[in-house]
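Number of protein chains: 2
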Amino acid sequence: MSEKFNQLKEVLGEVSDLHHVTAMLEWDQQVNMPPGGAEARGQQISTISTIAHKKATSQEVGNLLDDLEGQFAEGSDEAALVRVTSREYGKAIRVPSEFVAEQAIVTTKAFEAWIEARKKSDFSIFRPHLEKMVEMKQKYIQYFPPTEHPYDVLLDDYEPGMKTSEVKEIFNNLRPRQVDLIKKIKSAKQVKDDFLHKAYNEKKVWDFSETIISQFGYNFNRGRQDKAAHPFQTTFSVNDTRITNRFEEGSPLSTLFSAMHEAGHAMYEQGSNPAYERTPLAGGTSLAVHESQSRMWENLVGRSLPFWEHFLPKLKKSFPSQLDGLSVKSFYNAINKVEPSLIRVNADEATYNLHVMLRLEMEIGMIEGKFAIKDLPQIWNEKMNDYLGIVPPNDAQGVLQDIHWSSGLMGYFSTYALGNLVSAQLWEKINADITDLDEQIRAGKFDALLGWLREKIHVFGHKYDPQDLVQKVTGSKIDAAAYVRYLTRKYSAIYEL
Amino acid sequence: MSEKFNQLKEVLGEVSDLHHVTAMLEWDQQVNMPPGGAEARGQQISTISTIAHKKATSQEVGNLLDDLEGQFAEGSDEAALVRVTSREYGKAIRVPSEFVAEQAIVTTKAFEAWIEARKKSDFSIFRPHLEKMVEMKQKYIQYFPPTEHPYDVLLDDYEPGMKTSEVKEIFNNLRPRQVDLIKKIKSAKQVKDDFLHKAYNEKKVWDFSETIISQFGYNFNRGRQDKAAHPFQTTFSVNDTRITNRFEEGSPLSTLFSAMHEAGHAMYEQGSNPAYERTPLAGGTSLAVHESQSRMWENLVGRSLPFWEHFLPKLKKSFPSQLDGLSVKSFYNAINKVEPSLIRVNADEATYNLHVMLRLEMEIGMIEGKFAIKDLPQIWNEKMNDYLGIVPPNDAQGVLQDIHWSSGLMGYFSTYALGNLVSAQLWEKINADITDLDEQIRAGKFDALLGWLREKIHVFGHKYDPQDLVQKVTGSKIDAAAYVRYLTRKYSAIYEL
Numbered sequence: 018m019s020e021k022f023n024q025l026k027e028v029l030g031e032v033s034d035l036h037h038v039t040a041m042l043e044w045d046q047q048v049n050m051p052p053g054g055a056e057a058r059g060q061q062i063s064t065i066s067t068i069a070h071k072k073a074t075s076q077e078v079g080n081l082l083d084d085l086e087g088q089f090a091e092g093s094d095e096a097a098l099v100r101v102t103s104r105e106y107g108k109a110i111r112v113p114s115e116f117v118a119e120q121a122i123v124t125t126k127a128f129e130a131w132i133e134a135r136k137k138s139d140f141s142i143f144r145p146h147l148e149k150m151v152e153m154k155q156k157y158i159q160y161f162p163p164t165e166h167p168y169d170v171l172l173d174d175y176e177p178g179m180k181t182s183e184v185k186e187i188f189n190n191l192r193p194r195q196v197d198l199i200k201k202i203k204s205a206k207q208v209k210d211d212f213l214h215k216a217y218n219e220k221k222v223w224d225f226s227e228t229i230i231s232q233f234g235y236n237f238n239r240g241r242q243d244k245a246a247h248p249f250q251t252t253f254s255v256n257d258t259r260i261t262n263r264f265e266e267g268s269p270l271s272t273l274f275s276a277m278h279e280a281g282h283a284m285y286e287q288g289s290n291p292a293y294e295r296t297p298l299a300g301g302t303s304l305a306v307h308e309s310q311s312r313m314w315e316n317l318v319g320r321s322l323p324f325w326e327h328f329l330p331k332l333k334k335s336f337p338s339q340l341d342g343l344s345v346k347s348f349y350n351a352i353n354k355v356e357p358s359l360i361r362v363n364a365d366e367a368t369y370n371l372h373v374m375l376r377l378e379m380e381i382g383m384i385e386g387k388f389a390i391k392d393l394p395q396i397w398n399e400k401m402n403d404y405l406g407i408v409p410p411n412d413a414q415g416v417l418q419d420i421h422w423s424s425g426l427m428g429y430f431s432t433y434a435l436g437n438l439v440s441a442q443l444w445e446k447i448n449a450d451i452t453d454l455d456e457q458i459r460a461g462k463f464d465a466l467l468g469w470l471r472e473k474i475h476v477f478g479h480k481y482d483p484q485d486l487v488q489k490v491t492g493s494k495i496d497a498a499a500y501v502r503y504l505t506r507k508y509s510a511i512y513e514l
Numbered sequence: 018m019s020e021k022f023n024q025l026k027e028v029l030g031e032v033s034d035l036h037h038v039t040a041m042l043e044w045d046q047q048v049n050m051p052p053g054g055a056e057a058r059g060q061q062i063s064t065i066s067t068i069a070h071k072k073a074t075s076q077e078v079g080n081l082l083d084d085l086e087g088q089f090a091e092g093s094d095e096a097a098l099v100r101v102t103s104r105e106y107g108k109a110i111r112v113p114s115e116f117v118a119e120q121a122i123v124t125t126k127a128f129e130a131w132i133e134a135r136k137k138s139d140f141s142i143f144r145p146h147l148e149k150m151v152e153m154k155q156k157y158i159q160y161f162p163p164t165e166h167p168y169d170v171l172l173d174d175y176e177p178g179m180k181t182s183e184v185k186e187i188f189n190n191l192r193p194r195q196v197d198l199i200k201k202i203k204s205a206k207q208v209k210d211d212f213l214h215k216a217y218n219e220k221k222v223w224d225f226s227e228t229i230i231s232q233f234g235y236n237f238n239r240g241r242q243d244k245a246a247h248p249f250q251t252t253f254s255v256n257d258t259r260i261t262n263r264f265e266e267g268s269p270l271s272t273l274f275s276a277m278h279e280a281g282h283a284m285y286e287q288g289s290n291p292a293y294e295r296t297p298l299a300g301g302t303s304l305a306v307h308e309s310q311s312r313m314w315e316n317l318v319g320r321s322l323p324f325w326e327h328f329l330p331k332l333k334k335s336f337p338s339q340l341d342g343l344s345v346k347s348f349y350n351a352i353n354k355v356e357p358s359l360i361r362v363n364a365d366e367a368t369y370n371l372h373v374m375l376r377l378e379m380e381i382g383m384i385e386g387k388f389a390i391k392d393l394p395q396i397w398n399e400k401m402n403d404y405l406g407i408v409p410p411n412d413a414q415g416v417l418q419d420i421h422w423s424s425g426l427m428g429y430f431s432t433y434a435l436g437n438l439v440s441a442q443l444w445e446k447i448n449a450d451i452t453d454l455d456e457q458i459r460a461g462k463f464d465a466l467l468g469w470l471r472e473k474i475h476v477f478g479h480k481y482d483p484q485d486l487v488q489k490v491t492g493s494k495i496d497a498a499a500y501v502r503y504l505t506r507k508y509s510a511i512y513e514l
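Residue numbers (our numbering), protein chains in the order written: chain S, 18 to 514; chain C, 18 to 514.
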């Protein structure tokens, strides 16, 4: 068997190289590429992707997987590799290459239309493309055996094994509690955050962000941070996982939180077992677990009081005039200010998940055919009013704000909220295991925390499915209770509820 | 035939994409990659190179070429495409994929070792890698039918059709004249250049370099300049051709000349006929012709009196204290100062070719097995003493200075000197066609010059072989006479010989 296993690994290694090369081409496109390079770059990415798809769905891989199935001890890395590869292969071969090619064309056009629609804040420009996209997704679902809910097929691509009904149940449990908390906060005394919106020197903020994430344990010998239009994390190998960031005049310190967020993703990737390199076991197990890492470093660490007890004195040294005389409690309150807002990516922790729930409901409605695409802006605005008590003044700040649908990403959004929930579940367990974590953070020490995450989460890569991993580490599946406890405790203190 | 021709172009397009992707991976390796990324990057480059090699040497391509040979009118682009592709195919099918893959891995490791060796000025770090590299080159040569000299095989990869004996003859003709000129200069009154070695602000020099090359016509919408250990130019498409540069404290203004040099390469690539994209006809026809472009912009333009009559007043505005009261003639003399020196890329025009001849002899000696690699530093130093009368104080400034051998580039060096010769041949023709070129340069206008180069050289890409192109444009093959005339005239004026 070991010869066939090595043959399989050989092909998977090439496929992995091709995926990482595509990631490199896309990273350069966002970070460096001069405008003229776009057309040829699209062609190059298409060439590499096509070769990767052909290799990954070849008869050779199918035969090797058939031969290897059930040949390795349960729980072994080998068995996990065969299981994960078989699942991906089984999904990939169901989708005809003509569909993949058509999807690519639909997506390219949809993305261009979305850019224009958002610029002009005119949903009608995007509408026919979104209609086509939903049709494509419905067609995609038909390639798979019937599931409990058709949306399950889409969700499974990002959160293997997760069902729509499970997500709905988790969210139904969470929603009233978050809505109730926001109501209480609304009628409490508001916090001041004007000093966050003063002018800050870009280079100093950037350097400070790198000081923080270096101290977290993000290894710059195995990564780097570059400027791009949007913050993101990408992986070229376990030893080269990069992040991007941006600087916004109106919200200068958000660069710090974006760096912590993306470094959270990157440290997960940097901590993956090196033995899994060039196999489907490398990297993070799902988007929700990935997001649990990024949100933990950004919020549970980076928006905590002990963290700023350590870092605020240093930040004051870089920005004495902006932060003069400020207490750490005032700074902490300000960076945790709750305010229902229009844009998901800028939302605070108390309101963020409601943005996600809204999108999940919209996607399910679209896939079920319950929502006509033409009615989407109206439905969006009604839901925003229901959930957050505000209505977007235009579609650019409403239904057109996210890149996902234009890029063919449906089934993705709920993982953002699930990630928040998992981060809190892990946090309770971590604090039970590392009883002086607050003091460590107050001293600027993160090695025990990172060590815990490496040992319990990162090193396993894709070996365990997300629900199994969360169960194994925390003793329960993904669940809202810990997150509700976390939010309630945090905001009760800040808003004196 | 048109259907088969399109089938061929389809495959060649994919191969071209893969080559450009490899160039992107290598560029990132030199410009951005964190140290940890090296191993995986080597693997990725190897995977892409192997796929490219397999596609380019497939039976399908062989059959299509057989069918298409002689089917197109002589002189047509189609006939050129079939001819150039057939030649490359004929060479490529001789080299096994396993060799290509191994070469990629050897090269990545050799490059990392060279970086460290040069940093520590310790040849012993690089030595085993260079030994392996030479072994690989000797093995490579064995895949080809016997040639007049084994080194011909390596030379032909960079200068199609050129033989070692021809290069030796050109160089034998040139060497005594250059040595004689240097002797005369040595006994003449020396020029002052102390102001070139003062402290200059790096960012201002960098910005000035970009002002110059923008004015030349290098298009930053279709390229960019980045910092790297070594200046080089690379192409990802006709619309994305990038350059790198560096800043050296001891020789701060050399950044300007490196930018002009690399922009000369890049403008050649930017001027290639867009219809040749994704075919072997795209880009420059040979390294010597490529170098004729870079050296022309760097030296015949960038180290000329009219050029600095235009730019010196501007440079003085950026660096008033360093250049205060300096006449343009003094500046011109200083940047053309002849002084036997250690580093090829910083060598003046009178001594540069001697550095190249030294390397050619070293390479031939290595390939013939006449020189043991362990003796290389000593041989290098002896030859430096023979040719230039100086001996490097360490290996970093001696045998370790060039990137080429670490990158698997052997057979390459002589094209630098040939490029100098071609630049002078072209320059005589250009000045016959554009009779007021000096006045144009004095006014900072380069569009007629760039237009001439585009029309006579750039647009043809790889359509004509180098010797044929030089013949077509100048009326004779590559020849040292024009360069000797140019050097003699220039230095007789500067040194009042």
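For every residue, glycine included, the Cβ atom is placed at its ideal position computed from N, Cα and C.
I need the boundaries of the alpha helix (DSSP H) containing Ser173(C), first residue and last residue.
Reading the sequence as shown, one finds Asp at residue 173(C) and not Ser. Start and end: Tyr168 to Tyr175.
Please classify Met18(S) as buried or exposed, where buried requires at least 16 other C-beta atoms within 10 Å of its C-beta.
exposed
If you pair each beta-carbon of the region 427 to 444 of chain C with each one of the region 370 to 387 of chain C, do three or more pairs fall below 8 Å?
yes
Distance, Cα to Cα, Glu356(S) vs Asp365(S)?
7 Å
Interface residues of chain B facing Phe253(C) [CB-CB closer than 7 Å]
The structure shown contains no chain B; its protein chains are S and C.
At a CB-CB cut-off below 7 Å, which residues of chain S make contact with Pro51(C)?
Phe237, Asn238, Arg239, Gly240, Arg241 and Asp257
If you follow the beta strand (DSSP E) that Gln515(C) is in, where does it begin and where does it stop?
Summary: the structure shown does not reach residue 515(C), with chain C confined to residues 18 through 514, and so no result is reported for it.
Could you tell me the alpha carbon to alpha carbon distance between Ser303(C) and Lys387(C), rounded to whole angstroms?
28 Å
Closer than 8 Å between beta carbons: that is the criterion. Which residues of the region 32 to 43 of chain C meet it against chain S?
Asp34, Leu35, His37, Val38, Met41 and Leu42
Since Asp94(C) and Lys480(C) are thought to touch, with beta carbons under 8 Å apart, how far apart are those beta carbons, to the nearest angstrom?
7 Å
Could you name the residues of chain C that Ile68(S) contacts, counting a contact when the two beta carbons are closer than 7 Å?
Ile68
Ignore the nearest five residues each way along the sequence and tell me which others in Arg144(S)'s own chain have a CB closer than 7 Å to its CB.
Ile390 and Lys391
Classify Ser3(S) as helix, strand or coil using the three-state DSSP reduction.
Nothing in the structure corresponds to residue 3(S), since chain S is present only between 18 and 514.
Hey, quick one: how far does the alpha helix (DSSP H) through Ser431(C) stretch, first residue to last?
Ser431 to Asp450
Interface residues of chain C around Asp45(S) at Cβ under 8 Å?
Met41 and Asp45
By Cβ distance, which residues of its chain are closer than 6 Å to Ile110(S), with the 5 residues on each side in sequence left out?
Thr74
What would DSSP say about Phe259(C), mapped onto helix, strand or coil?
What sits at residue 259(C) in the sequence shown is Arg, not Phe. In the structure shown, Arg259(C) sits in a strand (DSSP, three-state: E or B).
Determine the extent of the alpha helix (DSSP H) in which Asn23(C) is found, giving its start and end residues.
Ser19 to Val48
CB contact flag (Ile158(C), Val170(C), <9 Å)
yes
Counting pairs of beta carbons, one from the region 273 to 281 of chain C and one from the region 504 to 513 of chain S, are three or more of them closer than 8 Å?
no
Counting along the chain, where does the alpha helix (DSSP H) carrying Tyr512(S) start and finish?
Ala498 to Tyr512
Does any residue of chain C have a CB that is nearer than 9 Å to the CB of Ile65(S)?
yes
With distances taken from CA atoms, which of Leu85(S), Thr64(S), Leu514(S) and Trp44(S) is nearest Lys26(S)?
Leu85(S)
With 9 Å set as the bound, which would you pick, yes or no: does the beta-carbon of Gln195(S) sit closer than that to a beta-carbon of chain C?
no
Consider the Cβ of Glu176(C): report whether some Cβ of chain S lies at a distance smaller than 9 Å.
no
I need the straight-line Cα distance from Ser423(S) to Lys154(S), nearest angstrom please.
12 Å
So what does DSSP say about Asn370(S), is it helix, strand or coil?
helix
Identify which residue in Asn350(S), Lys185(S), Val222(S) and Gln88(S) has its Cα closest to the Cα of Lys209(S).
Asn350(S)
Which of the three DSSP states is assigned to Gln414(C) in this structure?
coil
Taking any Cβ of chain S, which residues in the region 404 to 430 of chain C have a Cβ under 9 Å from it, in chain order?
none
Hey, does Arg263(S) have any beta-carbon neighbour from chain C nearer than 9 Å?
no
Is the separation between the beta-carbon of Val38(S) and that of Ile65(C) shorter than 9 Å?
yes
Just tell me which of Asn448(C), Leu359(C) and Lys72(C) has its CA closest to the CA of Asp419(C).
Leu359(C)
How about Gly30(S): is its C-beta nearer than 9 Å to some C-beta of chain C?
yes
Indicate whether Ala497(S) and Leu438(S) have their beta-carbon atoms separated by less than 9 Å.
yes
Under a CB-based cut-off of 9 Å, is Arg471(S) close to chain C?
no
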